[in-house]
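The numbers in full-length UniProt numbering rise by one with no breaks, and the one at position 88 of the sequence shown is 88.
Some notes on the structure that comes next.
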Amino acid sequence: MTSSAGPDDSALAGPVRTCVGCRQRAARSELLRVTAGSDGSTGQTVVLPDPDATAPGRGAHLHPTPGCYDLAVRRKAFARALRLAGVGGRSSAPVGDYVGSLASSNRTAPTTRDWSSSS
Numbered sequence: 001m002t003s004s005a006g007p008d009d010s011a012l013a014g015p016v017r018t019c020v021g022c023r024q025r026a027a028r029s030e031l032l033r034v035t036a037g038s039d040g041s042t043g044q045t046v047v048l049p050d051p052d053a054t055a056p057g058r059g060a061h062l063h064p065t066p067g068c069y070d071l072a073v074r075r076k077a078f079a080r081a082l083r084l085a086g087v088g089g090r091s092s093a094p095v096g097d098y099v100g101s102l103a104s105s106n107r108t109a110p111t112t113r114d115w116s117s118s119s
């Protein structure tokens, strides 16, 4: 019996998941889990970030980058991966906001390296 795992998969530690945006495989710890949930105010089903990976139900995984998020939205991958009936009215805005906040916090994070002591 042959394995469908590629040569890169053996280097990944722990569980491996596929990003619904770019379709690349990565360690589960590198990806953001998203789930379908209720928005609370209107009761409509929306796609929500699950950074702790503790929400019940079916989940999908995504690199926490704006590029992968945009690809997933363009491909309508959230509805397909989460098996949501019908794509109309499904908002993934909470995931976009979360990914955007991660990207902006990474840009403004100070570096911890002391460049003055480099040789």
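All C-beta atoms, glycine included, are put in the ideal place defined by N, C-alpha and C.
Fair warning: this is a prediction, and the values are worked out from it, not measured in the lab.
query                                                                                                                                                                                              : result
For Pro15, does the count of other Cβ atoms within 10 angstroms reach 16, so buried, or fall short, so exposed?                                                                                    : exposed
Using beta-carbon positions only, say whether Val34 and Val73 come within less than 7 Å of one another.                                                                                            : no
Looking at the structure shown, is Leu84 part of a helix, part of a strand, or coil, going by DSSP?                                                                                                : coil
If distances are taken between C-alpha atoms only, which option among Pro56, Ser104, Gln44 comes closest to Ala85?                                                                                 : Gln44
Determine the closest residue to Ala83 out of Ser91, Glu30, Arg58, Asn106, with distance taken between C-alpha atoms.                                                                              : Reading the sequence as shown, one finds Arg at residue 83 and not Ala. When each option's Cα is compared against that of Arg83, the closest is Arg58.
Indicate, with yes or no, if the ligand FAD has a heavy atom lying under 6 Å from the CB of Pro15.                                                                                                 : No copy of the ligand FAD occurs in the structure displayed, which carries no ligand at all.
Going residue by residue through the UniProt region "Disordered" (33 to 61), where are the continuous beta strand (DSSP E) segments of at least 3 residues, counting only ones entirely within it? : 45 to 50
Using only the alpha-carbon positions, how far apart do Thr42 and Ser92 sit?                                                                                                                       : 15 Å
Between which two residues does the beta strand (DSSP E) harbouring Arg75 extend?                                                                                                                  : First-last for Arg75: 66 to 75, but that is the alpha helix (DSSP H), not the beta strand (DSSP E).
Going by DSSP, name the residue or residues bridged to Cys19.                                                                                                                                      : His61
Asp39: buried (16+ other C-beta within 10 angstroms of its C-beta) or exposed?                                                                                                                     : exposed
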